[in-house]
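Residue numbers (the numbering used here), protein chains in the order written: chain Y, 170 to 336; chain X, 987 to 1133. Structure, as structure tokens:
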Amino acid sequence: MKNKFFLNIIKILFFSAIAALLFNTFNENGIPVLGEEKTYPTYESGSGSVENLPPRQVTLSQAFEMFESGEATMIDARDNWDFADGHIANAINIPEFSFNPKDGKVSALDKERTYIIYCGSDDCDISKRLADQLYKLGFSNILFFEEGFEGWMNSGFPIKLGDGNVE
Amino acid sequence: MWNNLLTNSNFQLFLRIIFASLFIFSGGTKISVPEEFAVSISNYRLLPIELVNFFAIIIPWIEIITGILLLFGFFVKENSFILTFLLGVFTIMVFIAMIRGLNIECGCFGTKGGQKVGLLKIFENLIYLVIGILIYKFSKYHKILLK
């Protein structure tokens, strides 16, 4: 009885999966069965903010240049306690985990301005996720850099160390 | 007396209609837009990116096929087991998302007008879990129970 029970379950699941995969093949909204990491274009200086471009990747030195010239504002996508430990000088903290478009911090941003988003280090992806979210809200100049706060700090670029107290 | 009620075939049919229609509806809203559902799943950040699409493709079909079979009384124990298990997994996912403080849509019934993850969703799921367990436990082992 028990064996038959699980055998039936396997049959039902197998049949459903076959039907699903067949349908997906012929569905015009079908998606690839194996997901892939999303890729982003790289930033070319001078491409301007005229068009509504998807998030682009900048190098650490490009990010620093734009930071120093005041051309871009940095956005820290990490949690507020990470931010409170230390962050890029003058960065705004918008934790991606609890991202809410109606939040005051988000609505205070200027959609035309250039923002550079970062997170912890090169193995986090919340900067990209936040970039996608802001792009969806109509921000036209969203950039991010892969190296994150760790890479920034290791290059000796200006940071602000905090006392760890969450505001 | 409880046992009589719970094993009563009309009462079981009633439970199956509620339980199965939940999944048929939920699968139906997701079946033709796997991409949106894939985004919902990836928002939970529990599955590696390679597996997200696969589950986004097959879960709506499992929900619909098992739901229909259950509704019409085919393999009631098996199908109620599958759906209760699935619902249990969903509930745990919502719970994990909640304690991690994720501000996301649950993606339970497609992405439009969706509910946010939270206690209300978990409470709702627990009620359905009880219904699923009642069907699994008290339905008679027949292939066809629609009568």
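By construction, the Cβ of each residue, glycine as well, lies at the ideal position given by its N, Cα and C atoms.
Flag this pair as yes or no: are the beta carbons of residue i and residue j separated by less than 8 Å?
i, j, result
"Y304(Y)", "P224(Y)", "yes"
"A246(Y)", "T283(Y)", "no"
"I1072(X)", "I1044(X)", "Correcting the residue type first, residue 1072(X) is Leu in the shown sequence and not Ile. Against a cut-off of 8 Å, the Cβ pair of I1044(X) and L1072(X) comes out as no contact."
"R181(Y)", "T1052(X)", "Sequence check: residue 181(Y) is Ile here, not Arg. Result yes, Cβ atoms of I181(Y) and T1052(X) sit closer than 8 Å."
"V1062(X)", "I1121(X)", "yes"
"F1040(X)", "V202(Y)", "yes"
Less than 6 Å between C-beta atoms, sequence neighbours within five positions excluded: which residues of the same chain meet that for residue i?
i, result
"P1046(X)", "G1013, K1016, I1017"
"K280(Y)", "G307, F308"
"L1105(X)", "none"
"Q1101(X)", "C1092, K1107"
Pick out whichever of the options has its Cα sitting closest to the Cα of residue i.
i, options, result
"G317(Y)", "A260(Y), K280(Y), L306(Y)", "A260(Y)"
"A1042(X)", "E1021(X), F1067(X), V1075(X), T1052(X)", "E1021(X)"
"Y1114(X)", "R1086(X), F1067(X), A1083(X), I1048(X)", "F1067(X)"
"A258(Y)", "F326(Y), I179(Y), N177(Y), N249(Y)", "F326(Y)"
"K207(Y)", "R298(Y), M322(Y), L330(Y), G199(Y)", "R298(Y)"
"A277(Y)", "L182(Y), H256(Y), F308(Y)", "F308(Y)"
"D292(Y)", "L222(Y), F314(Y), F252(Y)", "F314(Y)"
"G289(Y)", "D254(Y), G273(Y), D272(Y), L306(Y)", "D254(Y)"
"T194(Y)", "L1057(X), I1090(X), V1019(X)", "V1019(X)"
"R1002(X)", "P1034(X), L1056(X), F1011(X)", "L1056(X)"
"M1084(X)", "I1117(X), E1064(X), K1107(X), F1095(X)", "K1107(X)"
"S185(Y)", "F1081(X), K1126(X), K1102(X), N1065(X)", "N1065(X)"
"I1054(X)", "I1117(X), N996(X), I1010(X)", "I1010(X)"
"T1077(X)", "R1086(X), L1088(X), V1103(X), F1058(X)", "V1103(X)"
Which value, in whole angstroms, describes the spacing of the CA atoms of residue i and residue j?
i, j, result
"L312(Y)", "T211(Y)", "9 Å"
"I1027(X)", "F1060(X)", "29 Å"
"F268(Y)", "D248(Y)", "10 Å"
"K948(X)", "L992(X)", "Outside the shown range of chain X, which is 987 to 1133, sits residue 948(X), and nothing can be said about it."
"W321(Y)", "I285(Y)", "13 Å"
"I328(Y)", "I295(Y)", "20 Å"
"K274(Y)", "A232(Y)", "22 Å"
"L191(Y)", "F175(Y)", "24 Å"
"M987(X)", "L999(X)", "18 Å"
"G239(Y)", "V227(Y)", "16 Å"
Leaving out five residues on either side along the sequence, give the residues of the same chain with a beta carbon under 7 Å from the beta carbon of residue i.
i, result
"F1109(X)", "none"
"L1008(X)", "Y1114"
"S324(Y)", "L229"
"M1079(X)", "Y1030, L1032"
"V1038(X)", "A1024, I1027, S1028"
Quick one: which chain A residues come within Cβ less than 8 Å of residue i?
i, result
"A1042(X)", "No chain A appears in this structure, whose protein chains are Y and X."
Give me, in chain order, the residues of the same chain whose beta-carbon lies closer than 8 Å to that of residue i; leave out the 5 immediate sequence neighbours on both sides.
i, result
"I200(Y)", "N193"
"L1088(X)", "N1029, Y1030, R1031, V1103"
- Message: Counting only Cβ-Cβ distances shorter than 8 Å, please list the residues of the region 1058-1072 of chain X near chain Y, keeping chain order.
- Response: F1061, K1063, E1064, N1065, F1067, I1068
- When you check each C-beta in the region 1001-1026 of chain X against every C-beta of chain Y, which residues fall closer than 7 Å? S1018, V1019, P1020, E1021, A1024
- Query: When you check each C-beta in the region 1079-1105 of chain X against every C-beta of chain Y, which residues fall closer than 8 Å?
  - Reply: R1086, G1087, L1088, N1089
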